[in-house]
Amino acid sequence: LERNLPPNSKYQLDIELYKQILAQKRDTKNKIYSIHEPDTCCISKGKEHKKYEFGNKASFVKTDSGVIVGALGFRNEYDGHTLEPAIEQVKRLVGKSPKVAKADRGYRRNSLRSISWQSS
């Protein structure tokens, strides 16, 4: 199929993706887990009942009234490393930094000291 296509075919990127998928082995780094969403990551959760999840991480910042004032996408970063970029985005978009953050335990080691923490 590949040799019958013109050199600049619109399917060339798809064929490269399929070749990469077929060449993957069990220990291959940066595997492709989804043909339709090639940026999908394997996320290690560390939980006995669900060791791995597949997808990407998203961060949303909202006000007490529920208005979303920031949203970012991440690949497979540690949760604590995603908070600072989210806060910086809010500062840039809204013009001021949040005073209180509500987050789960994944953020507990974050070094932002200017924010009061509440566990959710």
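The sequence shown begins at 616 in this note's numbering and counts up by one.
Glycine included, each C-beta is placed from N, C-alpha and C at the ideal position.
What you are looking at is a predicted structure, and each value in this text was computed from that prediction instead of being measured.
Query raised in the report: Comparing alpha-carbon positions, which option in T697, Y667, H651 lies nearest A673?
Result: What you label residue 673 is simply residue 58 of the sequence shown in a count that begins at 1. Relative to the Cα of A673, the nearest Cα in the group T697, Y667, H651 belongs to T697.
Query raised in the report: Between L708, N645, S680, which lies nearest to L687 when the distance is taken from Cα to Cα?
Result: As a first step, residue 687 must be located in the sequence shown, where it is residue number 72. Relative to the Cα of L687, the nearest Cα in the group L708, N645, S680 belongs to L708.
Query raised in the report: Under a Cβ-count criterion, where at least 16 other Cβ atoms within 10 Å of its own Cβ denotes burial, should C656 be classed as buried or exposed?
Result: Taking the first residue of the sequence shown as 1, we reach residue 656 at position 41. By the neighbour-count rule (16 or more Cβ atoms within 10 Å), C656 is buried.
**Report entry** Nearest-angstrom Cα separation, counted from I658 out to A718
**Finding:** Position 103 of the sequence shown, counted from the start, is the residue given in the question as residue 718. Position 43 of the sequence shown, counted from the start, is the residue given in the question as residue 658. Distance between the alpha carbons of A718 and I658 is about 19 Å.
Query raised in the report: How long is the line joining the alpha carbons of K646 and G670, rounded to whole angstroms?
Result: If you number the sequence shown from 1, residue 646 lands on position 31. If you number the sequence shown from 1, residue 670 lands on position 55. Approximately 13 Å between the Cα atoms of the pair.
Query raised in the report: Buried or exposed: V676, going by 16 or more other Cβ atoms within 10 Å of its Cβ?
Result: Counting from one through the sequence shown, the residue named residue 676 turns up at place 61. Classification of V676: buried, given that the 10 Å Cβ count is 16 or more.
Query raised in the report: Do you know offhand how far E668's Cα is from G685's?
Result: Numbered from 1 along the sequence shown, position 53 holds the residue referred to as residue 668. Numbered from 1 along the sequence shown, position 70 holds the residue referred to as residue 685. Rounded to the nearest angstrom, the two C-alpha atoms are 24 Å apart.
Report task. Pull up the distance between the alpha-carbon of V682 and that of E703, whole angstroms please. Result -> Indexing the sequence shown from 1 puts residue 682 at position 67. Indexing the sequence shown from 1 puts residue 703 at position 88. Just so you know, the alpha carbons of V682 and E703 end up roughly 17 Å apart.
Query raised in the report: Which one or two residues does DSSP pair with I650 in a beta bridge?
Result: Counted from its first residue, the sequence shown places residue 650 at position 35. Answer is none; I650 lacks a bridge partner.
Query raised in the report: What does DSSP give as the partner residues of A673 in its beta bridges?
Result: As a position in the sequence shown, residue 673 is number 58, starting the count at 1. G688.
Query raised in the report: So, are the CB atoms of I650 and I636 less than 8 Å apart?
Result: Numbered from its first residue, the sequence shown carries residue 650 at position 35. Numbered from its first residue, the sequence shown carries residue 636 at position 21. Yes. Within cutoff.
Report task. Rank P713, G710, Y693 by C-alpha distance to the C-alpha of G661 and give the top, closest one. Result -> One-based indexing of the sequence shown puts residue 661 at position 46. Nearest in C-alpha terms to G661, of all of P713, G710, Y693, is Y693.
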